[in-house]
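132 is the number of the first residue of the sequence shown in this note's numbering; add one for each residue after it.
The beta carbon of each residue, even a glycine, is placed where N, CA and C say it ideally should be.
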Amino acid sequence: VADALTMEQYLVKDLLVPRERIQRLLGPANNTPTDMSAILSHVNILSLLLSLTVNPDIEHGNPIIIFFAGHGSRYPLSDKDDDPDFDEDEHSQKFVEALCPVDRKTIDSSGRLIPDITDQELNTILTQISCTKGHRITFILDCCHVGSVTR
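Dropping the structure here:
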């Protein structure tokens with residue numbers, strides 16, 4: 132939470148971004164009531180990112196800054212039982228990298244396990260944003276295991 136608030140302060144004070152142009156999701160603070168629509172949950176992250184494609188306040192060519200401070204993860208794309216080209220050397224393995232929402236690995240109202248948000252999902256969403264709003268997108272990730280998201 133502190134990193135996100137520091138970034139917001141930098142945008143407002145140093146870059147003079149109007150505060151009303153900043154949308155944020157934060158992890159729940161310890162022992163404080165939380166507005167569930169504003170936490171860094173799976174559905175909120177995806178909804179907020181997808182909303183950028185249709186936000187009438189963002190004109191084509193406007194700069195868009197997306198900042199994520201949280202946990203990341205990575206998973207082998209395949210294992211030795213499924214992949215004849217599998218190599219025990221981790222540098223030759225392919226990985227799925229992901230952002231970890233605060234509600235990951237919990238059960239949603241439909242009884243399904245809430246997954247992480249994969250680099251493939253993020254790439255698809257960033258491509259949609261780019262097609263509708265232009266290519267001036269900066270995505271800053273303050274987490275581990277998300278190297279392929281930057282490519």
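Checklist entry - Do you know how far the Cα of His-191 is from the Cα of Asn-162? => result Low per-residue confidence applies at Asn-162: pLDDT is 48, beneath 50, and the placement is therefore not dependable enough to give any value.
Item to check | Limits of the unbroken beta strand (DSSP E) element including Ile-196 | outcome: 195-200
Next on the checklist: For Asn-193, which residues in the same chain have their Cβ closer than 8 Å to its Cβ, ignoring the five residues on either side in sequence?
Outcome noted: Lys-264, Gly-265 and Arg-267
Item to check | Whole-number beta carbon distance between Ile-153 and Leu-142, since they are thought to touch under 8 Å | outcome: In this structure Leu-142 is in contact with Ile-153, their Cβ atoms being roughly 6 Å apart against a cut-off of 8 Å.
Checklist entry - Are Leu-181 and Ala-169 touching if we call contact CB-CB under 8 Å? => result no
Checklist entry - Residues bridged to Ile-248 by DSSP? => result Leu-230
Checklist entry - How is Leu-272 classed by DSSP in three states: helix, strand or coil? => result strand
Checklist entry - To which residues of the same chain is Leu-179 closer than 8 Å at the C-beta, ignoring the five residues directly before and after it? => result Gln-154 and Leu-156
Item to check | Assumed close pair Asp-234, Ser-172 - CB separation to whole angstroms, cut-off 8 Å | outcome: 5 Å
Item to check | Member of Asp-166, Gln-140, Leu-230 and Ile-189 whose CA lies at the smallest distance from the CA of Ile-176 | outcome: Leu-230
Checklist entry - DSSP on Ile-256, reduced to helix/strand/coil? => result Reduced to three states, the DSSP call for Ile-256 is helix.
Next on the checklist: Rounded to the nearest angstrom, what separates Ala-133 and Lys-225 at their Cα positions?
Outcome noted: 33 Å
Checklist entry - In angstroms, rounded to a whole number, what distance separates the CA positions of Arg-205 and Ile-195? => result A straight line joining the alpha-carbon of Arg-205 with that of Ile-195 spans about 26 Å.
Checklist entry - Secondary structure at Ser-182, three-state DSSP: helix, strand or coil? => result helix
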